[in-house]
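Under full-length UniProt numbering, think of the first position of the sequence shown as 1, with each following residue one higher.
Report on one structure; see the data block that follows.
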Amino acid sequence: MAYKFIDNYREKGARKKLVKHLESRGIQDKRVLEAIGKVPRHFFFDETFWNQAYKDIAFPIGDGQTISQPYTVAYQSELLHVKKGDKVLEIGTGSGYQTCILLELGADVYTIERQENLYQRTIQVLPYMGYKPNFFLGDGSKGIPENAPYDKIIVTAGAPFVPEVMLKQLKLGGLLVIPVGDEKSQKMVTILRVAENDFERIELDTFRFVPLVGDKAW
Ligand code: SAM
1 MAYKFIDNYR EKGARKKLVK HLESRGIQDK RVLEAIGKVP RHFFFDETFW
51 NQAYKDIAFP IGDGQTISQP YTVAYQSELL HVKKGDKVLE IGTGSGYQTC
101 ILLELGADVY TIERQENLYQ RTIQVLPYMG YKPNFFLGDG SKGIPENAPY
151 DKIIVTAGAP FVPEVMLKQL KLGGLLVIPV GDEKSQKMVT ILRVAENDFE
201 RIELDTFRFV PLVGDKAW
């Protein structure tokens, strides 16, 4: 497969404007904004749609899925408080854009996607761009117990409830960021593991994600 990866002044300029826009929407974490400013989001689009890549919108990536809206990616990334070297499990690789942001933040990323076409695309595109997470194909609603525990877990699809298996895969002091709700809207939820059997849950803003489909989900 031949990829066309050109990052010219038009795309660089549009990316700078996107960063300003996200700041104006309330994203404050400078490291997150820097990461958004670095990752060429248009590489995840067909060239015909490059003019859409730096709009603050979700966009179809095939197989009924979407690349998340930049604001949503920035919002979840900010909540995650990624530190350099954090072991982060991402459930729902999708296009791989959020994966690249996590890598720019210095995380050691484990990312899982259930749709084979998307998985096959990301295992080629991301390393080509210089990004090297640990890729997995399968049902992430069960987490990835073999590689647990994780410092952070981020779910990029809407769950009907918080799967308990995910909580068990957090380190003590570890954090889960997951959208929870019905098919139409979900609240962003953060869950901090404060002790072996003690979790602090906070509910935040409302979003609309594609569904988390699997054994411990829809
Ligand atoms: N952050 C990604 C991006 O920017 O491209 C978001 C991708 S999309 C909103 C959510 C992804 O979760 C989809 O690719 C979907 O196939 C995947 N997904 C849904 N249920 C899943 C599951 N149980 N395990 C792994 N991936 C899942």
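Virtual Cβ for every residue (Gly too), placed ideally from N, Cα, C.
Count the other C-beta atoms from every protein chain shown that fall within 10 angstroms of the C-beta of R193, then say buried if there are 16 or more, exposed otherwise. It counts as buried.
Buried or exposed: which applies to Y110, given that a residue is buried once 16 or more other Cβ atoms fall within 10 Å of its Cβ? So Y110 ends up on the buried side.
Determine the contact status of I154 and L176, defining contact as a CB-CB distance below 9 angstroms. A contact, by the Cβ cut-off of 9 angstroms.
Let me confirm a value: Q28 is counted as buried when at least 16 other C-beta atoms fall within 10 Å, else exposed. Which label applies? Around the beta carbon of Q28, a 10 Å sphere encloses fewer than 16 other beta carbons of the protein chains shown; the residue is thus reported as exposed.
Report yes if the C-beta distance between W218 and A159 is below 9 angstroms; otherwise report no. With a cutoff of 9 angstroms on beta-carbon distance, W218 and A159 are scored as near each other.
Is it the case that the CB of A217 approaches a heavy atom of the ligand SAM more closely than 8 angstroms? True, at least one ligand heavy atom lies under 8 angstroms from that Cβ.
Hey, out of L102, F161, F45, V39, whose CA is closest to N134's CA? Minimum Cα-Cα distance from N134 among the listed residues L102, F161, F45, V39 corresponds to L102.
Output the boundary residues of the alpha helix (DSSP H) element that contains residue 230. Limits of the chain in this structure are 1 at one end and 218 at the other, which puts residue 230 out of reach.
CB K87 to CB Y150, shorter than 9 angstroms? In this structure, Y150 lies closer than 9 angstroms to K87 by Cβ.
Alpha-carbon to alpha-carbon, K187 and E203: A straight-line Cα-Cα distance of about 6 angstroms links E203 and K187.
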